[in-house]
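In order, the protein sequences belong to chains S and H.
According to this note's numbering, the first sequence is numbered sequentially starting from 1.
According to this note's numbering, the second sequence is numbered sequentially starting from 1001.
In what follows, a single structure is set out as structure tokens and then discussed.
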Amino acid sequence: MLRRELALVLRARVTWFSGAAAALLVGHGFVLAIDLFTAGSRSVAASALMSREFDPLLGVVRPTLGGLYLALSLFGPLLGARCLAVEKDRRTFHTLVLATGSVPRLVARKWLSGCAGVLLPWAAAVGLLLLWRALGGHLQVRETIAALTGYLLYGLFATSLGVAAAAFTRGFAQAATTALLAVALTWAIDASEGFSALAWLGGAAAWSPTTYLRAFEQGIFDIGACGWFCGATIGTLVLACVGCRFDLRGGRRGIAVGLGVVVLIVASASMRAVPGAWDLTESARRSLPPAAAAELRQLPGTMEIVANLDREDSRRRQLESDLLAKLRLARPDLRVRWPPDERNAPGAFSQDEAYGRIVIRLGERSLETTSTSRRELTTLIFQLAGKALPDWSQPEYPGYPLVVEGRSRQLVLVACYLVLPLTFVVLGLLLTSTRRKTR
Amino acid sequence: MTKTRPSGLELRGLTVLRGGRRVLHKVSVGVRPGETVVVVGPNGAGKTTLLEATIGAVPLAAGDVAVDGERLRGLAPRARAFHFLAAEGEPPSEVRVATLLDRGRRVDPQVAVDIETRLGLTALRDAPAGTLSRGERRRMLLYEALVSAKPYLILDEPTGVFDPLQLVGMISLFRECAGRGTGLLLSVHQMSDAEALASRILILGAGRVLACDTIEGLRIRAGVMPAASLQEVFLALLREEPRAPA
Chain S
1 MLRRELALVL RARVTWFSGA AAALLVGHGF VLAIDLFTAG SRSVAASALM
51 SREFDPLLGV VRPTLGGLYL ALSLFGPLLG ARCLAVEKDR RTFHTLVLAT
101 GSVPRLVARK WLSGCAGVLL PWAAAVGLLL LWRALGGHLQ VRETIAALTG
151 YLLYGLFATS LGVAAAAFTR GFAQAATTAL LAVALTWAID ASEGFSALAW
201 LGGAAAWSPT TYLRAFEQGI FDIGACGWFC GATIGTLVLA CVGCRFDLRG
251 GRRGIAVGLG VVVLIVASAS MRAVPGAWDL TESARRSLPP AAAAELRQLP
301 GTMEIVANLD REDSRRRQLE SDLLAKLRLA RPDLRVRWPP DERNAPGAFS
351 QDEAYGRIVI RLGERSLETT STSRRELTTL IFQLAGKALP DWSQPEYPGY
401 PLVVEGRSRQ LVLVACYLVL PLTFVVLGLL LTSTRRKTR
Chain H
1001 MTKTRPSGLE LRGLTVLRGG RRVLHKVSVG VRPGETVVVV GPNGAGKTTL
1051 LEATIGAVPL AAGDVAVDGE RLRGLAPRAR AFHFLAAEGE PPSEVRVATL
1101 LDRGRRVDPQ VAVDIETRLG LTALRDAPAG TLSRGERRRM LLYEALVSAK
1151 PYLILDEPTG VFDPLQLVGM ISLFRECAGR GTGLLLSVHQ MSDAEALASR
1201 ILILGAGRVL ACDTIEGLRI RAGVMPAASL QEVFLALLRE EPRAPA
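See the structure below:
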């Protein structure tokens, strides 16, 4: 039966043409990243100190994956929806459900076949990163795999959204619209991040895939983020199973949908709570200095940071990326509170005299500061524990600037805008050839 | 005296409402293993609704469906009992005939090979469904039904697209299928098809059972000549039946 489902996806032109469009999006992100990286690299050719800032993970891999994110967000739900909706459009849905005999099995097959289509844009991103390597660019394998894993998980989740949408709707048009609306909802949640007026949406950030992709993009393998994607995918597929149960009507269907939503919430919430994250980056550059991180793990008591900083305050973003993300790697139990998010009247908090203060609590003791410096805040944490700041030295990340110009750049342009999309188109045409063969 | 369990498929007082309108009203009929019951009726009589209600795709306002005396609840017993084919069902155009044939051979290879040959699908093995004619695509779906080994086939207008020659072959395949003990509940538009296929004929009019009997029984009921065609019987029964209120 899986063979039939795979044929439905891989022998469909829409799969390969959307793969080609996705390859263009990914390729465009790659070209922009390379141009920016090249421009920067030219200016640091003479300075070893500045070259340390040239991190291909952030400068090339992440922007390329940005294109992949857009491609997966648009085409993942469509391909997932098509797998199931096509049966409704062609009036074979009931036949298939009865023939399969098990709705979970049917949904699993549909989802797996949809995932096969979603692998195309992902494969395009992998191909372009290999091209970067071939051009002499640096790629650290572990951190790149971590980033790609995050996007693979996102692709699987996006496909499950499409399958679930198709399960509850009458045909492909309705399913595609519903699935894309669900994706747009996560974008609305993401958009709220930088606006204090939308602070009330803060809790919803826990339901946006972007929240969990961030760790992977940084080269961190976060079990909780991985768990969220798995839980959300499983929960969405459970909902899809409910949608496919055509024998459930009225109240029973309502109860089943309610239970499906509970499964979705419980599965994703409980799995994202699984602690554990590994910094897979070269020179462990997303972590605090090794000695400090090791000591932090040993400190007794619960750790909490209360930061009186608004969403629109750049210090908040600096604090989040410079300290909190690193602190969480050492102390997964770290609790962070942002009091301005808890206020009903956005903006009013900036008038408060407490604004800008950062309170650090370790067990029963606490200290206050207005500094957002990583070193200073870490020093305060150790001060609370009655210890001195451990050795602050960190393995040096050399940085890998690279200038891609001339023929190399032309090669990149041809690969991104021509070869890669055309490969998908040609493969698609070959595999979906409708020449009638008889014997 | 020992009580024997009723055998076969039973539709008991099926009533279906759609938008407040009663499209099926207390329809009861049984299909024994090996029997072919053909549902006929004018457009809008409720033939498709009856078949969809049988597999659970349409909510019932009243009545139930039972197999061997056991009321069917949930999807699993329905999946064990039925293979369903919708009237406008089309195989996905990307799927090749071979994919279907290989799957069909897993159940009973001997029967499957015989059916695929007689349906003329062997020669189309490498063709994707999208390149086939409507009749060939329909034969793909009927192949799935005939090799499914399910106890009951619920087929909505399975013969509508065939030429007379193919129809003869198709009718013979349905008869053999019934001969293997499969119960068939079919809806057809052509009275000649119904006459050729049916053990019993269920005539629906405005969602109600006008008659359900063998062709001979229907002739007596309609008071027509013993040699009258089903078409004549059908028209006579429709004329005598007052229009049911909506």
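Don't be surprised by glycine CBs; every beta carbon is placed ideally from N, CA and C.
Pick helix, strand or coil for residue i, following the three-state DSSP scheme.
i, result
"W122(S)", "helix"
"A442(S)", "Shown here, chain S extends from 1 to 439; a query on residue 442(S) therefore has no answer."
"F1162(H)", "coil"
"L418(S)", "helix"
"A385(S)", "coil"
"K326(S)", "helix"
"G1063(H)", "strand"
"F221(S)", "strand"
"E312(S)", "coil"
"S373(S)", "coil"
"G19(S)", "helix"
"T1036(H)", "strand"
"V1058(H)", "coil"
"E368(S)", "strand"
"L1155(H)", "strand"
"M303(S)", "strand"
"C406(S)", "For clarity, residue 406(S) is Gly in the given sequence; the question names Cys instead. Note: G406(S) maps to coil in three-state DSSP."
"H1025(H)", "strand"
"A1228(H)", "coil"
"E396(S)", "coil"
"S1187(H)", "strand"
"L180(S)", "helix"
"L334(S)", "coil"
"L248(S)", "coil"
Is residue i close to chain S, meaning its C-beta is less than 8 Å from at least one C-beta of that chain?
i, result
"L1238(H)", "no"
"H1189(H)", "no"
"E1010(H)", "no"
"S1133(H)", "no"
"G1019(H)", "no"
"S1172(H)", "no"
"P1151(H)", "no"
"L1185(H)", "no"
"V1039(H)", "no"
"V1103(H)", "Looking at the sequence shown, residue 1103(H) is not Val but Arg. Closer than 8 Å to some Cβ of chain S, the Cβ of R1103(H) qualifies, so yes."
"E1094(H)", "yes"
"S1199(H)", "no"
"L1014(H)", "no"
For chain H, check one thing: does any of its Cβ atoms lie closer than 8 Å to the Cβ of residue i?
i, result
"A7(S)", "yes"
"L429(S)", "no"
"T438(S)", "Caution applies to T438(S), whose pLDDT of 45 falls short of 50 and renders its modelled position unreliable; the value that the coordinates give is listed next. Closer than 8 Å: yes."
"A293(S)", "no"
"V274(S)", "no"
"F424(S)", "no"
"G171(S)", "no"
"V103(S)", "yes"
"V86(S)", "yes"
Can you pull the chain S neighbours of residue i, defined as C-beta to C-beta under 8 Å?
i, result
"R1078(H)", "L98, D247"
"A1086(H)", "R91, T92, H94, T95"
"E944(H)", "In the structure displayed, chain H extends from 1001 to 1246; residue 944(H) sits before or after that span and is not available."
"I1055(H)", "H94, L98"
"P1091(H)", "R90, T92"
"S1148(H)", "A99"
Which residues of chain H have a Cβ atom closer than 7 Å to the Cβ of residue i, listed in chain order?
i, result
"R3(S)", "T1099"
Mind listing the chain H neighbours of residue i? Cutoff is C-beta to C-beta under 8 Å, in chain order.
i, result
"G250(S)", "P1059"
Which chain S residues are close to residue i, counting only those with a beta carbon under 9 Å from its beta carbon?
i, result
"H1083(H)", "T95, L98, A99"
Below 9 Å on C-beta distance, what does residue i contact in chain H?
i, result
"R311(S)", "Per Cβ cutoff of 9 Å: no residues; R311(S) is ~48 Å from chain H at best."
Residues of chain S with CB under 7 Å from residue i, in chain order?
i, result
"G1074(H)", "D247"
"S1229(H)", "Going along chain S, no residue has its Cβ under 7 Å from S1229(H), so there is no contact; the nearest lies around 31 Å."
Continuous alpha helix (DSSP H) assignments of at least 4 residues falling wholly in the segment 84-169 of chain S
Counting whole runs of 4 or more residues, the segment 84-169 of chain S contains the alpha helix (DSSP H) stretches 93-100, 103-134, 141-168.
My parser needs the alpha helix (DSSP H) runs of 4 or more residues fully inside the segment 1071-1132 of chain H; what are they?
List check, alpha helix (DSSP H) in window: 1075-1081, 1097-1104, 1109-1118.
Residues of the segment 1112-1141 of chain H with Cβ closer than 9 Å to any Cβ of chain S, in chain order:
T1122, A1123, L1124, R1125, D1126, A1127, P1128, G1130, T1131, L1132, L1141
Which residues of the segment 10-39 of chain S have a Cβ closer than 7 Å to any Cβ of chain H? Give them in chain order.
R11, A12
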